[in-house]
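*Asks:*
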Amino acid sequence: MKLQHTLGGLEGLGPVWTETRVFVEEWEKGIFGIHTAMMALSPQLPLPKTPSVFRTIWTWADLRKGAESMNPFDYFKYRYYEKWLGGISGYFVANGYITQAELDAKTEEYYADPDKPLPTGGATQIDERVIQYLVDGDSPKRDVDPKPLFAKGDVVRVGNPPTVEHTRLPGFLRNHTGVIEEVYPGAYVYLCDTGPDGVGEAMACYCVRFDPEELWPGNAEKNFFIYADLYAAYLTAPAELASAA
Numbered sequence: 001m002k003l004q005h006t007l008g009g010l011e012g013l014g015p016v017w018t019e020t021r022v023f024v025e026e027w028e029k030g031i032f033g034i035h036t037a038m039m040a041l042s043p044q045l046p047l048p049k050t051p052s053v054f055r056t057i058w059t060w061a062d063l064r065k066g067a068e069s070m071n072p073f074d075y076f077k078y079r080y081y082e083k084w085l086g087g088i089s090g091y092f093v094a095n096g097y098i099t100q101a102e103l104d105a106k107t108e109e110y111y112a113d114p115d116k117p118l119p120t121g122g123a124t125q126i127d128e129r130v131i132q133y134l135v136d137g138d139s140p141k142r143d144v145d146p147k148p149l150f151a152k153g154d155v156v157r158v159g160n161p162p163t164v165e166h167t168r169l170p171g172f173l174r175n176h177t178g179v180i181e182e183v184y185p186g187a188y189v190y191l192c193d194t195g196p197d198g199v200g201e202a203m204a205c206y207c208v209r210f211d212p213e214e215l216w217p218g219n220a221e222k223n224f225f226i227y228a229d230l231y232a233a234y235l236t237a238p239a240e241l242a243s244a245a
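Number 154 in full-length UniProt numbering belongs to position 154 of the sequence shown; there are no gaps in the numbering.
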């Protein structure tokens, strides 16, 4: 798995710098607005039909996939909204909204004249749909009731599924054992399929308790636990794992 998928518990990563400003540069507001409009216009949402050329699905998951599928050296080189820009641009090219040549030409056009006015426009109906989306949101909970595989108190083993673009499984939990602390009611998805990572159709989710000594033997503080909310796809019973091996 890629380095950017497994930062938790990594030693020697270096000092942590926290930026308190939501937007560091003015253009970042535009990127956030584009992403929000794409989510609001995504056709799978139960919102009124709205005239728009945007016809493909876009979710928070797609945004994260676009960033985390990057080469690790690029991932750590670029700032937060620069990764958003790259992921959104790649999505538009991959889905046929613009060609790479057209994107490159438009980029060079603004490099040559940075003060050139940006395009304006937008339909009232689109604005209204975006506002409704921001009010309603998009819940990952689904109206199905899968039978939970585990119960509170069960010992479970975290798997090590392959990841290509994005995962919801922290790297430091892989191949470790924990205890089911809570079984959440209902079923949940991750807004888009994560491929070989295993999260697709709606499934049960669990709160799993981990002993830090299990995660970092000989290098953990005492008398506390770590809790993680995990999809069923990431968990198996230790005996089943042993028999499968």
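Backbone N, C-alpha and C define an ideal beta-carbon position, used for all residues, glycine too.
Owing to the predicted nature of the structure, the values given are computational and were not obtained by experimental measurement.
1) Flag this pair as touching only if the stretch 49-66 and the stretch 192-204 have three or more C-beta atom pairs under 8 Å; answer yes or no.
2) On the premise that I88 lies in contact with A66, defined as a C-beta separation below 8 Å, what is that separation, rounded to the nearest angstrom?
3) With DSSP collapsed to three states, give me the class of I31.
4) Could you pull the start and end residues of the beta strand (DSSP E) that F92 belongs to?
5) Looking at A202 and V183, is the spacing between their C-beta atoms short of 8 Å?
6) Ordered along the chain, which non-local residues of its own chain (more than five positions away) have a Cβ less than 7 Å from that of A123?
7) State the Cα-Cα distance for the pair P162 and R21, rounded to the nearest angstrom.
8) Would you mind giving the Cβ-Cβ distance between P140 and V189, rounded to the nearest angstrom? I have them listed as a contact below 8 Å.
9) If we ignore side chains and look at the alpha-carbon of each, how far apart do E102 and P119 end up?
10) Can you say whether R55 is buried or exposed, counting buried as having 16 or more other CB atoms within 10 angstroms of its CB?
11) For M38, which three-state DSSP category applies?
12) Hey, how far is the Cα of F32 from the Cα of A239?
13) Apply the 10 Å Cβ neighbour rule to G218 and answer buried if 16 or more other Cβ atoms are within range, or exposed otherwise.
14) State buried or exposed for F225, treating a residue as buried only when at least 16 other CB atoms are found within 10 Å of its CB.
15) From this set, V208, E25 and K49, which residue's C-alpha is nearest residue 333's C-alpha?
16) For R142, which residues from the same chain have a beta carbon less than 8 Å from its beta carbon, with the 5 sequence-adjacent residues on both sides left out?
17) Where does L173 sit, in a helix, a strand or coil, going by DSSP?
18) Can you grab the Cα-Cα spacing for the pair M39 / L45, in whole Å?
19) Thinking C-beta only, is H166 closer than 8 Å to E68?
20) Do K83 and Y91 come within 8 Å of each other at the CB atom, strictly closer than that value?
*Replies:* Here's the rundown:
1) Touching, per the Cβ criterion.
2) The count along the sequence shown starts at 1 and reaches residue 66 at position 66. The count along the sequence shown starts at 1 and reaches residue 88 at position 88. Before going on, a small fix: residue 66 reads as Gly here, not Ala. About 7 Å separates the two Cβ atoms, so the contact holds.
3) As a first step, residue 31 is located in the sequence shown; it is residue number 31 there, counting from the start. For I31, the three-state secondary structure derived from DSSP is helix.
4) Translated into positions along the sequence shown, residue 92 becomes position 92. For F92, no beta strand (DSSP E) segment is defined; the enclosing uninterrupted segment is the alpha helix (DSSP H) at Y80 to A94.
5) Position 183 of the sequence shown, counting from 1, holds the residue named residue 183. Position 202 of the sequence shown, counting from 1, holds the residue named residue 202. Contact: no.
6) The count along the sequence shown starts at 1 and reaches residue 123 at position 123. Only P51 meet the Cβ criterion.
7) Along the sequence shown, one-based indexing puts residue 162 at 162. Along the sequence shown, one-based indexing puts residue 21 at 21. Annotation: P162 to R21 spans about 35 Å, alpha carbon to alpha carbon.
8) Indexing the sequence shown from 1 puts residue 140 at position 140. Indexing the sequence shown from 1 puts residue 189 at position 189. Right, the Cβ-Cβ distance comes to about 5 Å (below 8 Å), so this counts as a contact.
9) Taking the first residue of the sequence shown as 1, we reach residue 102 at position 102. Taking the first residue of the sequence shown as 1, we reach residue 119 at position 119. As the crow flies, the alpha-carbon of E102 is around 15 Å from that of P119.
10) Working through the sequence shown from its first residue, we reach residue 55 at position 55. Residue environment analysis places R55 among the exposed positions, since fewer than 16 neighbouring C-beta atoms fall within 10 angstroms of its C-beta.
11) Locating residue 38 in the sequence shown gives position 38, counting from the first residue. Three-state DSSP puts M38 in a helix.
12) The residue you call residue 32 lines up with position 32 of the sequence shown. The residue you call residue 239 lines up with position 239 of the sequence shown. Looking at the two C-alpha atoms, the distance is approximately 46 Å.
13) Counting from 1 along the sequence shown, the entry for residue 218 is found at position 218. G218 counts as exposed, since fewer than 16 other C-beta atoms from the protein chains shown sit within 10 angstroms of its C-beta.
14) The residue labelled residue 225 in the question sits at position 225 within the sequence shown. Under a 10 Å Cβ-count criterion, F225 is classified as exposed, with fewer than 16 other Cβ atoms of the shown protein chains found around its own Cβ.
15) There is simply no residue 333 to check, as the chain begins at 1 and stops at 245 in what is shown.
16) Counting from 1 along the sequence shown, the entry for residue 142 is found at position 142. Answer for R142: G186, A187, Y188, V189 and A202, listed in chain order.
17) Taking the first residue of the sequence shown as position 1, residue 173 is located at position 173. Helix, per DSSP.
18) The residue labelled residue 39 in the question sits at position 39 within the sequence shown. The residue labelled residue 45 in the question sits at position 45 within the sequence shown. If you draw a straight line from the Cα of M39 to the Cα of L45, it comes to about 9 Å.
19) In the sequence shown, the residue the question calls residue 68 occupies position 68. In the sequence shown, the residue the question calls residue 166 occupies position 166. Annotated as proximal: E68 and H166, with beta-carbon spacing under 8 Å.
20) Here residue 91 refers to the residue found at position 91 when the sequence shown is read from its first residue. Here residue 83 refers to the residue found at position 83 when the sequence shown is read from its first residue. Taking a C-beta distance under 8 Å as the contact criterion, Y91 and K83 do not qualify as a contact pair.
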